[in-house]
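First residue of the sequence shown: 0, per numbering that gives the first Met the number 0; consecutive thereafter. Single-structure report; data block below.
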Amino acid sequence: MTDAALAPSRSTPARWQDYVALLKPRVMSLVVFTGLTGLICARTPMSPILAGVAILCIAIGAGASGALNMWYDADIDARMKRTRGRPVPMGRVQGADALALGMTLSLLSVGMMYLAVNLLAAALLAFTIVFYAVVYTMWLKRWTPQNIVIGGLAGALPPVIGWAAATGTAPLNAWLLCAIIFLWTPPHFWALSLYTAEDYAAVGVPMMPVVKGAASTRRQILLYSFIFVPVAIAPSFTGLAGPLYLAISGLGGLLFLVLAVRLAMSHAGDKAGEREGRLYDVKAGATAARNLFAFSIAYLFLLFAGLLAERLMGLEALKL
């Protein structure tokens, strides 16, 4: 059992901004965006009020997952440069309060989705929260270098939840959107972990570069990239997307592969890091990793923005 629930040694008064930070608003925004895309792509008439409620539930559920994650991970967050400024390790919010907020929002989001929308959407939302907060945060993250591969399912489900909210079903095209995010997750997060590996090593989190090394991680990023890009293009051939999406996914996918290949060929960082006793050299080897990480965010956004644009511009209009 982690000591994350213990009160931190330093305590300062909480502000409302600290409670907002517990919800991981940047992650929430991506979840809401992909969930909305799933709802719109379902092409099913839906009351704007119910559609708004569904998206609100997805947002609240994402925030609940973030609060539960910050509660449990406060012990390692306090020792990592990237996360030590979070509200719980900084002592601005007590661990018990973060836990209570996460549990309350979880019940609220799932209950509201069930009562206002439908059972399938509520069940998928509940599964997503449990999977992220329990399966990923409490188990996979500290146990296996495949943590973000398996755990990525939680972040990939919002489009399916949105689709289910609109139709009460989850067809293959909904799961195709899920697969896009699921396969995007490993190259995205492993690129990040290449230049934050020392942070993860210091707290005993078995991220891929820590366990298998930078060279192996680069190879796996390349492998996943070659699987991910064709899947990202696939909606153009399943009736889900049109020519705008095909152009975005094709050209963006080509650039994604170029960056992945460049990263796979960046050996200088390994050698420089070994000479100085580091896992990965930030100056010599991390530029390629940073480039892929940054572009991966833009590419995923453009993919889902393309799907939305095709609907909202009337290529295949959805009448709410």
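For glycine and all other residues, C-beta sits at the position ideal for the given N, C-alpha and C.
Environment of K23 [buried if 16+ CB atoms lie within 10 Å]:
buried
Beta-carbon proximity check, S295 vs P186, cutoff 8 Å:
yes
Among residues of its own chain, excluding the 5 on either side of D17, which ones have a beta-carbon nearer than 7 Å to its beta-carbon?
P86, R91, V92
For the putative contact between A288 and L262, defined by C-beta atoms under 8 Å, what is the C-beta separation to the nearest angstrom?
6 Å
What ranges does the beta strand (DSSP E) occupy inside the stretch 119-169, keeping only unbroken runs of at least 3 residues that lie completely in it?
none
According to DSSP, is D320 helix, strand or coil?
Residue 320 lies beyond the range of the chain shown here (0 to 319); nothing can be said about it.
Roughly how many angstroms separate the alpha carbons of G34 and M206, rounded to a whole number?
28 Å
In whole angstroms, what is the alpha-carbon distance linking T286 and T82?
21 Å
Taking one C-beta from the stretch 38-52 and one from the stretch 67-83 each time, how about it: are there three or more such pairs within less than 8 Å?
no
Starting from the Cα of T168, find the closest Cα among G154, V210, V116 and give me that residue.
V116
Pairwise C-alpha distance: N290 and L156:
26 Å
Can you name the start and end residues of the alpha helix (DSSP H) that V87 belongs to?
Careful: V87 lies outside any alpha helix (DSSP H) and carries neither H nor E.
Spatial neighbours of G110 within its chain, please: C-beta separation below 7 Å, excluding the five flanking residues on both sides.
none
Can you give me the C-alpha to C-alpha distance between W70 and G94, rounded to a whole angstrom?
5 Å
Is it buried or exposed for I226, if we count other Cβ within 10 angstroms and need 16 for buried?
exposed
Starting from K211 and walking both ways along the alpha helix (DSSP H), at which residues does that stretch end?
207-211
State the DSSP-derived secondary structure class of V204, mapped to helix, strand or coil.
coil
beta-carbon L243 near the ligand MN non-hydrogen atom, thresh 7 Å
As presented, the structure is devoid of all ligands, the ligand MN included, so that no description of it is given.
At the level of alpha carbons, what is the spacing between A231 and L106?
33 Å
In its own chain, which residues sit with a C-beta less than 6 Å from the C-beta of S235, not counting the 5 before and 5 after it?
Y244, L245
Would you be able to state if there are at least three C-beta pairs under 8 Å between the stretch 112-128 and the stretch 136-147?
no
Classify R14 as helix, strand or coil using the three-state DSSP reduction.
coil
Give me the residue from M45, P44, D96 with the minimum Cα distance to P12.
D96
Taking F188 as part of the alpha helix (DSSP H), name the residues at either end of that continuous run.
171-193
Among I160, G252, W15, which has the Cα closest to the Cα of F300?
G252
Going by CA-CA distance only, name the one from L256, W183, A190 that's closest to I149.
W183
What residue from L311, A308, L38 has the CA that sits closest to A163's CA?
L38
Taking only the alpha-carbon atoms, compute the straight-line gap between V30 and A58 and give it to the nearest angstrom.
7 Å
Exposed unless 16 or more other CB atoms sit within 10 angstroms - verdict on A61
buried
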